[in-house]
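According to the working numbering, the sequence shown is numbered sequentially starting from 332.
Some notes on the structure that comes next.
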Amino acid sequence: MAKWRNYELPISHASKYTCGRGYSDLTQYPVFPWVLADYESDALDLRNPQTFRRLDKPMGCQTEEGEEEFIRENQKLQGGQFDHADRLFNSVRDTWASAAGKSNTSDVKELIPEFYYLPEFLENRFNLDLGEKQSGEKVGDVVLPPWAKGSAREFIRKHREALESDYVSENLHHWIDIIFGYKQRGKAAEDAVNVFYHYTYEGNVDIDAVSDPTMKASILAQINHFGQTPKQLFQKPHPQRRTDRKVPPHPLRYSPYLTQQEIRKTASSVSQIVSYNDKILIAAVNCLLKPLTYNEYISWGFPDRSLRILTYDQDRLLSTHENLHGGSQIQCTGVSHDGNILTTGGDDGVVAVWRFVKDGIRRLLRMEKALCAHTGKITCVSVSQPYSLIVSGSDDCSVILWDLTRLVFVKQLPRFPASVSALHVNNLTGEILTGAGVLFAVWSINGDCLAVVNTSQLPSDLILSVTSTIHSDWQDTNWYVTGHQSGAVKVWKMVHCSSDEAVNNKSKSPAVSSGGLSLNGQTPEYRLLLQKVLKSHKHPVTALCIPPDLKQLLSGDASGHLLSWSLKDDSFKGS
Numbered sequence: 332m333a334k335w336r337n338y339e340l341p342i343s344h345a346s347k348y349t350c351g352r353g354y355s356d357l358t359q360y361p362v363f364p365w366v367l368a369d370y371e372s373d374a375l376d377l378r379n380p381q382t383f384r385r386l387d388k389p390m391g392c393q394t395e396e397g398e399e400e401f402i403r404e405n406q407k408l409q410g411g412q413f414d415h416a417d418r419l420f421n422s423v424r425d426t427w428a429s430a431a432g433k434s435n436t437s438d439v440k441e442l443i444p445e446f447y448y449l450p451e452f453l454e455n456r457f458n459l460d461l462g463e464k465q466s467g468e469k470v471g472d473v474v475l476p477p478w479a480k481g482s483a484r485e486f487i488r489k490h491r492e493a494l495e496s497d498y499v500s501e502n503l504h505h506w507i508d509i510i511f512g513y514k515q516r517g518k519a520a521e522d523a524v525n526v527f528y529h530y531t532y533e534g535n536v537d538i539d540a541v542s543d544p545t546m547k548a549s550i551l552a553q554i555n556h557f558g559q560t561p562k563q564l565f566q567k568p569h570p571q572r573r574t575d576r577k578v579p580p581h582p583l584r585y586s587p588y589l590t591q592q593e594i595r596k597t598a599s600s601v602s603q604i605v606s607y608n609d610k611i612l613i614a615a616v617n618c619l620l621k622p623l624t625y626n627e628y629i630s631w632g633f634p635d636r637s638l639r640i641l642t643y644d645q646d647r648l649l650s651t652h653e654n655l656h657g658g659s660q661i662q663c664t665g666v667s668h669d670g671n672i673l674t675t676g677g678d679d680g681v682v683a684v685w686r687f688v689k690d691g692i693r694r695l696l697r698m699e700k701a702l703c704a705h706t707g708k709i710t711c712v713s714v715s716q717p718y719s720l721i722v723s724g725s726d727d728c729s730v731i732l733w734d735l736t737r738l739v740f741v742k743q744l745p746r747f748p749a750s751v752s753a754l755h756v757n758n759l760t761g762e763i764l765t766g767a768g769v770l771f772a773v774w775s776i777n778g779d780c781l782a783v784v785n786t787s788q789l790p791s792d793l794i795l796s797v798t799s800t801i802h803s804d805w806q807d808t809n810w811y812v813t814g815h816q817s818g819a820v821k822v823w824k825m826v827h828c829s830s831d832e833a834v835n836n837k838s839k840s841p842a843v844s845s846g847g848l849s850l851n852g853q854t855p856e857y858r859l860l861l862q863k864v865l866k867s868h869k870h871p872v873t874a875l876c877i878p879p880d881l882k883q884l885l886s887g888d889a890s891g892h893l894l895s896w897s898l899k900d901d902s903f904k905g906s
């Protein structure tokens, strides 16, 4: 899936310090810090300061020897071709040793953002011929440190956890001073051994004023090959990040202590739950709340096969749109985060993409494109604007990924053993959640099956709704919830198959198998462990929501009951 090149997740610490830099210019690519110094241990200890690099020193000065010999040298570069195999990025440990001044005093690069969110860049998925090293070793996937357990995803997860750790929070301002701040230039830079070739600094050369073509070519080569020093943003020492941040207890982590209360009862089935501005909004069957303000909703399923827009508070009709799928009935809809793009799925197997436009006082839906690949009626559709993705499911047992920007087919997931009944895209992680029959699966944004589990021994206990947490605490993000035909709400935790927790809980969790999915002989990298079954609903659970504040889990059922599951006491603190 080519689109992963453009995906960037919000990273709380450092993303705002990429000002003036972007992905379209390799000489101004965003800069992120090396944060770890341990690429040898089997386990990563984030409580030990020795695990981390010195954030008050630039790369190249991480050792006394490196600081003494720190100089900037030109290198022979590949000029658009693959470099010699021994010089390619092939090992995280070796790259750290080189950048830290342990084996090379001219390679002092920091990192790119992909080290903290994109496992795919560490894998040679297209089997490119990158050559052989002098040792005879063929260059392929990047060699990871032992604590990554051979998994690029685990490397990214633990690396991100290190970036969000207390040690980095307490020391990152030193790195900001060096890269973007007052230690970037002048006497402070000299004292910090943070001085680079003068052509790499912004404003130090007027390339148009250089008349000598040889000199101009040399300067351009220096800039293009080595990049440019980031724009200086701060003239004074950057303040330290607050480390007394209080994170609310994760409701799913302490799911055994969750208690429920009914907070609303409506006359019809709950199909959607939205937490907005401290309010809880719900939509009924064949209805979808419309962002950004959620003061309108979309309704369909009428005898005339129309789609209607109404106000949420008074049910006042705003517009009616007919014949969106010809003579076919609309089965489901999805809408973008900004409320401008609407997707409709029909019983004709078509996923239609529309744009809301205004013609004077009239509201119109302009057809953008009809997406055709399913052979059965569309059962569910989800739109992720942060990932420019549309995901659609059908009763032909297929799930298809579409590009929201180009409106083209991207990938079809392996065929499911039952009709697809639930979809959800996590707008933070990009993970795609699917429910088909009793089979629950978690997929990466690129369509890799991360984990799959048979959720019930009863084939009739179908999955009707799925959701997951959206939160920046990477120690606790892998939590998922499924809502079932029986009224059960099940809480799952995803752990790496190599972890002790996965091994210890093997007998407690439902059997892990492909459940009829054809995964081309591959075994999912993670396990879904059942943490808790919440039993209060007496009717099928048709909607789920975990608000961003993590204070509760919301569930709605086919009889109109809306329940809130929350932590009511302090008993979880000792667990």
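Just so it is clear, CB atoms sit at the ideal spot from N, CA and C, and this is done for glycine as well.
Reference residue i, options the options, closest by Cα
i, options, result
"A368", "G353, Q393, V730, P389", "Q393"
"C703", "K689, L795, S725, D646", "S725"
"A682", "G481, F420, S723, A519", "The sequence as given places Val at residue 682; Ala does not occur at that position. The residue with the shortest Cα to Cα distance from V682 is S723."
"D678", "H802, V474, S659, E521", "S659"
"D669", "A431, L649, Y625", "Y625"
"G778", "E762, I604, G680, T786", "E762"
"T651", "F633, K821, R491, S355", "F633"
"K708", "P717, G676, R384", "G676"
"T358", "L551, L375, V684, L419", "L551"
"D311", "E495, H868, A523", "Because residue 311 is not part of the residues shown, which for the chain are 332 to 906, the question remains open."
"R746", "T786, H705, Q716", "H705"
"F687", "Y643, G680, R639", "R639"
"N851", "T664, W506, S429, L744", "L744"
"E627", "R647, D609, N608, R584", "R647"
"E501", "F457, R697, P570", "P570"
"L503", "R384, C828, T765", "R384"
Limits of the alpha helix (DSSP H) - the one that residue i falls within
i, result
"I510", "497 to 510"
"G677", "Looking at the DSSP string, G677 is not in any alpha helix (DSSP H); the run it does join, the beta strand (DSSP E), is 672 to 677."
"A430", "423 to 430"
"L494", "483 to 494"
Assigned secondary structure, residue i (DSSP; H/G/I helix, E/B strand, else coil)
i, result
"A548", "helix"
"V714", "strand"
"S729", "coil"
"G517", "helix"
"I763", "strand"
"F687", "strand"
"H529", "helix"
"S466", "coil"
"R693", "strand"
"N809", "coil"
"E593", "strand"
"L966", "Residue 966 is absent from the structure shown; the chain starts at 332 and stops at 906."
"A889", "coil"
"E653", "coil"
"S586", "helix"
"H556", "helix"
"E441", "coil"
"A842", "For A842, the pLDDT reaches just 45, beneath the cut-off of 50, and the residue's location in the model is therefore unreliable, although a value from the coordinates is still provided. A842 falls in the coil class under three-state DSSP."
"W365", "coil"
"D522", "helix"
Whole-number beta carbon distance between residue j and residue i, since they are thought to touch under 8 Å
i, j, result
"V796", "G814", "Note that residue 796 corresponds to Ser in the displayed sequence, not to Val. Indeed they touch by this definition, with Cβ atoms about 4 Å apart."
"C711", "L754", "5 Å"
"S845", "V773", "Not confirmed; about 13 Å, so no contact."
"T800", "C876", "So it is not a contact: roughly 11 Å between Cβ atoms."
"P361", "P444", "5 Å"
"K781", "E699", "Per the sequence shown, the amino acid found at residue 781 is Leu instead of Lys. Going by Cβ atoms, the distance from L781 to E699 rounds to 31 Å, so no, they are not a contact pair."
"V666", "K621", "6 Å"
"V769", "L793", "6 Å"
"A926", "V601", "This structure does not reach residue 926, given that the chain is present from 332 up to 906, and the question cannot be answered."
"K567", "Y513", "6 Å"
Residue i: first and last residue of the uninterrupted beta strand (DSSP E) it sits in
i, result
"F771", "770 to 774"
"V541", "Here V541 belongs to no beta strand (DSSP E), and DSSP marks it neither H nor E."
"Q603", "601 to 607"
"L860", "857 to 866"
"T664", "661 to 666"
"E627", "627 to 630"
"K610", "610 to 615"
"W823", "819 to 827"
Residue i CB to nearest heavy atom of the ligand NAD below 6 Å
i, result
"G670", "This structure simply doesn't include the ligand NAD, nor any ligand for that matter."
Three or more beta-carbon pairs under 8 Å between the segment 605 to 622 and the segment 880 to 894, yes or no?
Three or more Cβ pairs drawn from the segment 605 to 622 and the segment 880 to 894 lie within less than 8 Å of each other, which places the two stretches in contact.
When you compare the segment 730 to 741 with the segment 687 to 694, are there three or more beta-carbon pairs, one atom per stretch, that lie closer than 8 Å?
No contact exists between the segment 730 to 741 and the segment 687 to 694.
The segment 368 to 386 contacting the segment 573 to 590, beta-carbon criterion three pairs below 8 Å:
With the rule of 3 Cβ pairs closer than 8 Å, the segment 368 to 386 does not count as touching the segment 573 to 590.
Between the segment 819 to 828 and the segment 856 to 867, do three or more beta carbon pairs fall short of 8 Å?
Yes: at least three Cβ pairs fall under 8 Å.
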